[in-house]
Amino acid sequence: MSSDGKSATKFPKIHAALAQAGFASRRKAEALITAGQVTVNDQRAHIGQRVNPAQDIVKVEGKVIPLQAAKPYLLLINKPTGVVSTTHDELGRPTVLDFLHQEVTKNDPDLAKELQAVRLYPVGRLDLDSEGLMLITNDGSLAQKLTHPSFESLKTYEVVVAGRPTFKALNHLERGVRLKEGYTAPAEVNVIQTGTEQSILEITIHEGRHQQVRRMCERVGYPVVRLTRTKMGPYSLDDLDGQSYKKI
Numbered sequence: 016m017s018s019d020g021k022s023a024t025k026f027p028k029i030h031a032a033l034a035q036a037g038f039a040s041r042r043k044a045e046a047l048i049t050a051g052q053v054t055v056n057d058q059r060a061h062i063g064q065r066v067n068p069a070q071d072i073v074k075v076e077g078k079v080i081p082l083q084a085a086k087p088y089l090l091l092i093n094k095p096t097g098v099v100s101t102t103h104d105e106l107g108r109p110t111v112l113d114f115l116h117q118e119v120t121k122n123d124p125d126l127a128k129e130l131q132a133v134r135l136y137p138v139g140r141l142d143l144d145s146e147g148l149m150l151i152t153n154d155g156s157l158a159q160k161l162t163h164p165s166f167e168s169l170k171t172y173e174v175v176v177a178g179r180p181t182f183k184a185l186n187h188l189e190r191g192v193r194l195k196e197g198y199t200a201p202a203e204v205n206v207i208q209t210g211t212e213q214s215i216l217e218i219t220i221h222e223g224r225h226q227q228v229r230r231m232c233e234r235v236g237y238p239v240v241r242l243t244r245t246k247m248g249p250y251s252l253d254d255l256d257g258q259s260y261k262k263i
């Protein structure tokens with residue numbers, strides 16, 4: 016019997032249970048539920064439904080998903096350019112999971128074998144032409160804390176821009192830039208180096224809009240030449256000690 020109702024409020028909501036089990040992030044789980052691809056005891060699931068992980072049978076696309084919490088994995092990677100930050104790419108481009116598998120197989124075959132049975136996914140995104148710190152995990156709760164706007168998790172980028180930004184442009188970046196979907200939240204901006212042709216900025220934000228830093232810089236007249244994420248929440252690119260990945 017499904018654990019949906021007032022008497023079962025101690026049980027997790029289904030999207031949270033799927034995330035805790037390492038199946039997918041909460042956002043992805045919600046999308047699957049909305050699309051009708053999730054059932055509880057062979058009945059279509061709905062957003063907000065609660066389940067008893069020890070009793071209810073949950074399926075995604077007809078496949079039973081064990082809801083007991085999986086062993087948590089967290090890996091940091093230094094994503095290179097030319098790699099997409101998704102689990103699959105319809106154009107056949109290498110993904111961050113392909114990159115991770117390649118690097119782990121080369122350096123730690125035992126870990127590579129262990130990870131084959133784990134459903135991993137990236138936390139947050141970096142576009143194709145950006146590089147730097149990304150997190151790969153099967154921990155839905157961690158992914159939620161690092162990506163959901165309500166947690167305001169900080170992300171720091173080293174940004175090489177064309178030209179020498181004026182004080183006015185820097186102040187504009189700090190106060191908030193008007194993009195097509197509205198103003199960005201205030202950012203922390205530090206000037207690392209300036210030059211007539213290129214300058215280096217350090218920009219810290221807590222939002223996660225699509226290509227946000229690139230669009231912010233473009234909007235104030237200084238397009239991005241190179242973008243590297245150096246920090247994400249409590250994690251830093253320095254934690255990798257110059258390696259391509261690190262298991263936390």
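Anchor point for the sequence shown: position 85 equals 100 in this note's numbering, and the numbering is continuous, going up by one each time.
Ideal Cβ placement from N, Cα and C applies to all residues, glycine included.
- The three-state reading of DSSP puts LEU33 in helix, counting H, G and I together.
- Judged by DSSP secondary structure, ARG229 falls within the alpha helix (DSSP H) whose first and last residues are 227-234.
- Residue range 41-49 is occupied by the alpha helix (DSSP H) that includes ALA46.
- When the Cα atoms are used, PRO95 and PHE114 turn out to be separated by approximately 9 Å.
- Counted as a single uninterrupted DSSP element, the beta strand (DSSP E) harbouring THR219 occupies residues 213-220.
- Ranked by how close their Cα comes to the Cα of SER168, the residues HIS30, VAL138 and LEU89 have VAL138 in first place.
- Of the other Cβ atoms in all chains shown, fewer than 16 fall within 10 Å of the Cβ of PRO109; this residue is therefore exposed.
- Excluding five sequence positions before and after THR120, the CB atoms of its chain that fall closer than 8 Å to its own CB belong to ALA127, given in chain order.
- Take LYS86, set aside five residues on each side of it, and no residue of its chain has a beta-carbon closer than 7 Å to its own.
- Counting other Cβ atoms within 10 Å of its Cβ, THR49 stays below 16 and is therefore classed as exposed.
- Annotated three-state conformation of LYS25 is coil, per DSSP.
- Residue pairing by DSSP puts ASN205 in a beta bridge opposite GLU217.
- Inclusion of GLN226 and ASP142 in the CB contact set at 8 Å is warranted, their separation being smaller than that value.
- The criterion of a C-beta distance shorter than 8 Å is satisfied by LEU188 and ILE218.
- Closest option to SER100, judged by alpha-carbon separation, among TYR237, SER40 and ARG140: ARG140.
- Under the three-state reduction of DSSP, VAL111 is assigned to helix.
- PRO249 sits in coil when the DSSP states are folded into three classes, being neither helix nor strand.
- Per DSSP, reduced to three states, the secondary structure at GLY147 is strand.
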